[in-house]
Amino acid sequence: MATESLSREMVLDELKFLATVEHALVVEALSVRCSLGHDLDAEEGGATSDAARDAASAASNLALSAMFRLKDINRLLIKANEDATLERATSITSQTAGAIALGPPDLAQLQQLLTRGHHIATAVDRRYERLRPAVTTDPVFDGDLLFNAHTLIVDDGPTHAASFAQLRDALGALTPAEFLRATRREAADRFELRLLEVSDRGYRLVLAALRGLFVPEDSVCGALRNLAVDAMEVLDHANRVLVSRGLLPPFTIR
Numbered sequence: 005m006a007t008e009s010l011s012r013e014m015v016l017d018e019l020k021f022l023a024t025v026e027h028a029l030v031v032e033a034l035s036v037r038c039s040l041g042h043d044l045d046a047e048e049g050g051a052t053s054d055a056a057r058d059a060a061s062a063a064s065n066l067a068l069s070a071m072f073r074l075k076d077i078n079r080l081l082i083k084a085n086e087d088a089t090l091e092r093a094t095s096i097t098s099q100t101a102g103a104i105a106l107g108p109p110d111l112a113q114l115q116q117l118l119t120r121g122h123h124i125a126t127a128v129d130r131r132y133e134r135l136r137p138a139v140t141t142d143p144v145f146d147g148d149l150l151f152n153a154h155t156l157i158v159d160d161g162p163t164h165a166a167s168f169a170q171l172r173d174a175l176g177a178l179t180p181a182e183f184l185r186a187t188r189r190e191a192a193d194r195f196e197l198r199l200l201e202v203s204d205r206g207y208r209l210v211l212a213a214l215r216g217l218f219v220p221e222d223s224v225c226g227a228l229r230n231l232a233v234d235a236m237e238v239l240d241h242a243n244r245v246l247v248s249r250g251l252l253p254p255f256t257i258r
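Here our numbering is used: the first residue of the sequence shown is 5, the next is one more, and so on.
Printed below as a string of structure tokens:
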């Protein structure tokens, strides 16, 4: 793609893939936030230092940014008469780290979250950068579609590494033993198993509401938008309880 002229179809296909990556980045950032203690007080399982609290806040901002990009890509796809997608990428290729698995990070990946996060962010930025000619020197869109695509691809897309630097800077010299608070993925009892199931149901409800939101029929958008927001709040509350038990949310794709 980097050496040949980009067609409209190639750009749209790449944007579909980037939508799945942004979904994966939402899950990655929310998982990191939970591993850092969410927004809980230290005695409830939250961060034990100001630096780690700032890092958890930075992870929350990363999740929000990925959510907005996911929305913007899907709105652009719809405007281009393509279907929206809420699929989730399972990997992305980095020039420096090879294929990087995407998904809820395990303990080993969380212990390397600064290196892992930098590689992922750099790889995603490069994917957006490869699309730049299609909205600048050799545009494949026109009118409002070109304006929206230019904003997404040039202004908003290749900003992952810069945004991730805020989390890296917040953690500073802290070691994983000092900033990781919730790291378990297996339930210790039936109560914790139910908590994990509640979190997963909340996640699936969010996706269901968003799938309905990305449709041309405006009459249902308002209600589905409110449902999506409510579902996100339910998921957030469920994950807060999980973190207080030292557990990470599953974010299971079914």
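Backbone N, C-alpha and C define an ideal beta-carbon position, used for all residues, glycine too.
Residue interval of the beta strand (DSSP E) (run including residue i)
i	result
Thr97	Ser95 to Ser98
Whether residue i touches residue j by CB criterion (8 Å)
i	j	result
Leu251	Leu200	yes
His154	Asp129	no
Ile96	Ile124	yes
Ala60	His42	yes
Leu10	Pro137	yes
Leu44	Arg244	yes
Ala62	Ala192	no
Ala67	Ala33	yes
Arg215	Ala51	no
Val233	Cys38	no
Gly121	Leu74	no
Arg249	Glu196	yes
Val139	Val158	yes
Gln113	Pro180	no
Ser167	Thr126	no
Leu217	Arg229	yes
Leu231	Ala242	no
Ala105	Thr94	yes
Ala169	Gly206	no
DSSP-derived helix/strand/coil call for residue i
i	result
Arg188	strand
Leu251	strand
Arg134	coil
Arg258	coil
Leu246	helix
Asp146	coil
Phe218	coil
Leu10	coil
Thr140	coil
Closest by C-alpha distance to residue i, when choosing among the options
i	options	result
Leu81	Leu246, Asp17, Leu10 and Ala62	Asp17
Ile257	Leu156, Ala186, Val31 and Glu133	Val31
Leu29	Val15, Thr52 and Arg92	Arg92
Asp204	Pro108, Arg229, Val158 and Gly176	Pro108
Met71	Glu13, Arg57 and Thr89	Thr89
Pro254	Glu13, Arg208 and Val144	Arg208
Leu118	Asp142, Leu40 and Glu237	Leu40
Asp160	Gly176, Glu133 and Lys20	Glu133
Leu22	Val202, Glu196 and Leu135	Leu135
Ser35	Arg229, Ser64 and Ala46	Ser64
Arg131	Leu156, His241, Gly147 and Asp148	Leu156
Phe151	Thr94, Arg79 and Ala46	Arg79
Met14	Gly49, Asp148, Ser69 and Glu86	Glu86
Val202	Leu178, Ala177, Gly176 and Glu237	Glu237
Gly176	Asp110, Ser53 and Arg198	Ser53
Asp111	Glu47, Gly147, Asp146 and Glu190	Here residue 111 is Leu; the residue named in the question, Asp, does not match the sequence. Out of Glu47, Gly147, Asp146 and Glu190, Glu190 has the C-alpha closest to the C-alpha of Leu111.
C-beta neighbour in chain C for residue i, strict 8 Å
i	result
Lys20	Going by chain labels, chain C is absent from the structure shown, which holds only one protein chain.
Handout entry: Length-filtered (4 minimum) alpha helix (DSSP H) runs lying within the region 53-121
Key = At a cut-off of 4 residues, the continuous stretches assigned as alpha helix (DSSP H) that sit fully inside the region 53-121 are 54-83 and 111-115.
Exercise for the section: With a floor of 4 residues, list each alpha helix (DSSP H) that falls wholly inside the region 153-199, ordered by position along the chain. Expected result: 164-175 and 180-183
Practice task
Scan the region 13-60 and note each continuous alpha helix (DSSP H) run of 4 residues or more that stays entirely inside, going in chain order.
Solution key: none
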